[in-house]
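Asks: Under the UniProt record's numbering, the first residue of the sequence shown is numbered 1, with each subsequent residue one higher.
Ideal Cβ positions, reconstructed from N, Cα and C, are used throughout, including at glycine.
Values in this document were obtained by computation on a predicted structure and should not be read as measured data.
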Amino acid sequence: MPLEIITVPCLSDNYAFLMHSPEHNQTALVDAPEAAPIIEELERRGWSLDMILLTHHHYDHIDGVAALKERYAPVIVGAAADKHRLPALDTAVSDGAEFTFAGQNVRVLDVSGHTVGHIAYFIPSANAVFTADSLMALGCGRLFEGSAAQMWNSLSKLAALPDDTIVYSGHEYTQANARFALTIEPDNEALISRAQSIAAARASGRATVPSTLTEEKATNPFLRAHLPSMKLALSMTDFDDVSVFAEIRRRKDNF
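#1: Considering only residues of the segment 143-186, which uninterrupted alpha helix (DSSP H) runs meet the minimum length of 4 residues and lie entirely inside it, listed in chain order?
#2: With distances taken between CB atoms, is the gap from Ala-176 to Thr-55 smaller than 8 Å?
#3: If you measure between the beta carbons of Phe-222 and Leu-158, is that distance less than 8 Å?
#4: According to the Cβ coordinates, are Thr-208 and Ala-92 closer than 8 Å?
#5: Let's test the definition: count the other Cβ atoms within 10 Å of the Cβ of Asn-105 and tell me whether it reaches 16, buried, or not, exposed.
#6: Excluding the five sequence neighbours on either side, which residues of its own chain have a C-beta within less than 7 Å of the C-beta of Lys-231, listed in chain order?
#7: Which of the three DSSP states, helix, strand or coil, is assigned to His-20?
#8: Could you have a look at Thr-214 and say whether DSSP puts it in helix, strand or coil?
#9: Could you give the DSSP three-state label for Met-136: helix, strand or coil?
#10: From the DSSP output, read off the bridge partner residues of Asp-110.
#11: Along the chain, where does the beta strand (DSSP E) containing Met-230 start, and where does it finish?
#12: When you compare only the Cα positions, how much space is there between Asp-82 and His-118?
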C-alpha cells in the first residue's frame, strides 16, 4: 500500500485529505480549510505533516495553512498562476508539472473554471486525483472566475484519466447534486441507484466523497454534456459540447 488516504471533515461541508506513506513515515495534506480537525487527526495517528498541496485560493481551502505551517513547518505547494493570492509557497507548480511525495509521482493538472489557476493533483500509483472544486461528486464548481469553455476543458482532462481513478473532491454537496442531476436525466438507472445510495449514506452520517471516475462518467451531468442522449434530453442536439455544458451549469445555478 503506497499511500493511506484519510478524509478529514472540516467546517460545515468541506473535506481535507491526509496522505500517509507508512514506508517513508511522511504525510501530506490536500487543502487546509481549518487547522483544528487536521491537527486532531494527525495527533491521533501520531503523524507529523511534511507537505501541504493547495488547489486554489478560496478561504475554505487555505484558512488552516498558517497554523499548520507554524506547528509542523511543512513544504507548501500551489499553483504558480495563483501565487499572488495563496499563502506563501515553497514550491510553485504549473499544468503538466510532476514532483514526488514519499517516492510517489504527483502530476499537476490545470483545472481552471471555478477559479482561474485552480489545479488538481493526480497520483497514478494511488489511482487518486484530488479535484477540490473542479470535478465534484455528481457536480462541478460554480464558474466564479473562469468560462464554460475553460471548465469543460478541465472536466474533459479529468475524464480522460483511468476509469478506476478515485476522485477526492472538496465538499459534501452530493445529495443536492443528485437531486439536480435527476431533473436532467430522470431515467438514468445508474443515477437513480446512486441517488438512493447517497441518501442512505447521508441518513447514517457517512461521507459520499470520494467517488470513482467510473461513477462520475455514468451519472454526473457535467461530464456528460458531449453525449447525444444528454443533448437530446436538453433539446440541444445541434449544439456543441461547451454550449450544452453551459446550459447544464446555468440550470444548476438556478436550481
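Replies: Taking the coordinates as given:
#1: The DSSP assignment places complete alpha helix (DSSP H) segments of no fewer than 4 residues inside the segment 143-186 at 148-159 and 174-184, in order along the chain.
#2: No, Cβ-Cβ distance for Ala-176 and Thr-55 is not below 8 Å.
#3: Between Phe-222 and Leu-158, the CB-CB gap reaches or exceeds 8 Å.
#4: Contact annotation: Thr-208 and Ala-92 have beta-carbon atoms that are not nearer than 8 Å.
#5: It counts as exposed.
#6: Excluding sequence neighbours, Lys-231 sits near Thr-237, Phe-239 and Val-244.
#7: Correct three-state label for His-20: strand.
#8: The answer is helix: DSSP assigns Thr-214 an H, G or I state.
#9: Strand, per DSSP.
#10: Ile-119, per the DSSP bridge assignment.
#11: It is not in any beta strand (DSSP E) - Met-230 instead sits in the alpha helix (DSSP H) that spans 228-233.
#12: Answer to the nearest angstrom: the Cα atoms are 8 Å apart.
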